[in-house]
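Position in the first sequence (from 1) plus 1 gives the number in my numbering.
Note that CB positions come from ideal geometry on N, CA and C, so glycine has one too.
Following: one structure in structure tokens, then a few remarks.
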Amino acid sequence: MPELPEVETVRAGLARHALHRRIAEVEVSHHRAVRRHATGPAALRERLVGTAFASANRRGKYLWLPLGDEPHDALVAHLGMSGQLLVRAADAAPDKHVHVRIAFDDGTELRFADQRTFGGLFVDELVPTEAADLVPTRVAHIARDPMDPLFDDGLFVGRLRRKASAVKRALLDQTLVSGVGNIYADEALWRARIHGARPGLSLTSAKALDLLTAVRAVLSDALRAGGTSFDSLYVNVNGESGYFDRSLAVYGREGRPCPRCGAVVRRAPFMNRSSFYCPRCQRAPRAVVKPAKMG
DNA sequence: CATAGATCCTGTATGC
DNA sequence: TGCATACAGGATCTAT
2 MPELPEVETV
12 RAGLARHALH
22 RRIAEVEVSH
32 HRAVRRHATG
42 PAALRERLVG
52 TAFASANRRG
62 KYLWLPLGDE
72 PHDALVAHLG
82 MSGQLLVRAA
92 DAAPDKHVHV
102 RIAFDDGTEL
112 RFADQRTFGG
122 LFVDELVPTE
132 AADLVPTRVA
142 HIARDPMDPL
152 FDDGLFVGRL
162 RRKASAVKRA
172 LLDQTLVSGV
182 GNIYADEALW
192 RARIHGARPG
202 LSLTSAKALD
212 LLTAVRAVLS
222 DALRAGGTSF
232 DSLYVNVNGE
242 SGYFDRSLAV
252 YGREGRPCPR
262 CGAVVRRAPF
272 MNRSSFYCPR
282 CQRAPRAVVK
292 PAKMG
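Take a look at the structure:
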């Protein structure tokens, strides 16, 4: 699934292959893909035709392409679970599940394909952050991602350590730290030897910093692996880059040995999905008994 | 305010 | 072979 490393790979591909070309036509073939564009598909097309993407930006799992020479708004993309952005020759073979086509005037086009339709495109106003960089209004509520030079480590540690909820839930909370999804959350927790069910409250500052370091390490390892596969006029996007099978220590590896200690990796249901962990390296927290309600 | 859970969606894998 | 069910999960909404 596209998490920060995959989205960054796409961003780099867009920067190489989709900027400064006049948009000649836009075709929306699946309404759901543009559902977050409040004024509808026709208005989206109207805004895009005749302009060009000025740059390719990212925060967490959000991508955006500012429009025109002095941008005040941008085309925002979120890939959801299965979204892809593909740059193709306009007459290239069709791709599956293409819901939006943005045709440039040089014979290429940007295709948004999305099997499960959790992702989408919309145009949004750019607003300045506290550090004066510009982000789309509807991206402003999420935290900077841990690869951002302006990410505030101390703020993250402080907020994490005030959370009663599970550390893993906190890692997936994009307002605390952005860009981490289910796969890299499990990998980072394994690297830091922390059980995801532990309450944020239970971490020392040092341990919380260890976790942040592990998050950065796993993201940058994945980025290196994902970044190499990208070369041609094809913006790869899916989580299916070589990184997955080669380097994952626990995710998707139920029943196989922990690469560090050899104990059998377990899977446990968590937040309507799965968590994978090593029961020896990552000690489960003691069960907390809820105090009975008096009255 | 913080927190937990439900919900959206469809292709693939599995069980009977 | 067909049919039903589980599963994958990011963001957002609702309820407490």
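task: List the DSSP bridge partners of D74.
output: E126
field: M304 versus R160 - alpha carbon distance
entry: One cannot answer for residue 304 here, as it falls past the ends of the chain, which runs 2 to 296.
task: Check the C-beta distance from L190 over to G197 and give it rounded, since I have them as a contact under 8 Å.
output: 5 Å
task: May I ask which residues mark the beginning and end of the beta strand (DSSP E) holding L111?
output: T109 to D115
query: Does the region 42-56 come close enough to the region 18-33 that 3 or more CB-CB pairs lie under 8 Å?
result: yes
- prompt: On the three-pair Cβ rule with 8 Å, is the region 97-104 touching the region 2-18?
  reply: no
message: Helix, strand or coil, according to DSSP, for Y252 in the structure here?
response: coil
- request: Classify E131 as helix, strand or coil using the three-state DSSP reduction.
  value: coil
message: Please report the distance separating the alpha-carbon of E71 from that of A93.
response: 32 Å
query: In the structure shown, what three-state DSSP assignment does F152 receive?
result: coil
Given T130 as reference, the closest of R17, R199 and A144 once Cα atoms are compared: A144
field: Distance, T52 Cα to D107 Cα
entry: 13 Å
query: Is P200 helix, strand or coil when you go by DSSP?
result: strand
- request: May I have the straight-line CA-CA distance separating N183 from S276, to the nearest angstrom?
  value: 8 Å
message: For L64, report the span of its alpha helix (DSSP H) as first-last.
response: First-last for L64: Y63 to P67, but that is the beta strand (DSSP E), not the alpha helix (DSSP H).
field: Rounded straight-line distance, which links the Cα of D146 to that of F152
entry: 7 Å
message: Three Cβ pairs or more, each shorter than 8 Å: is that satisfied between the region 166-179 and the region 114-127?
response: no
- prompt: What is the DSSP secondary structure of N273, counted as helix, strand or coil?
  reply: coil
query: What are the partner residues of F105, as DSSP defines its beta bridges?
result: I24
Through-space distance from V88 to R48, alpha-carbon basis: 20 Å
query: Given G81, which residues of its chain have a CB within under 6 Å of its CB, disregarding the five upstream and five downstream residues?
result: F119 and G120
query: Counting along the chain, where does the beta strand (DSSP E) carrying G84 start and finish?
result: G84 to A90
field: R217 to H142 span [Cα, whole Å]
entry: 21 Å
query: Taking the beta strand (DSSP E) that R287 falls in, what are its first and last residues?
result: Taken as a continuous stretch (DSSP letters only), R287 belongs to no beta strand (DSSP E), as it is neither H nor E.
- prompt: Which residue comes first and which comes last in the beta strand (DSSP E) that contains R59?
  reply: N58 to R60
Three-state class that DSSP yields for R160 in the structure shown: helix
field: For P260, the first and last residue of its enclosing alpha helix (DSSP H)
entry: Premise fails: P260 is in no alpha helix (DSSP H) and is neither H nor E.
- prompt: How is the alpha helix (DSSP H) around H18 delimited, first residue to last?
  reply: L5 to H18
- prompt: A186 by DSSP, collapsed to three states: which one?
  reply: helix
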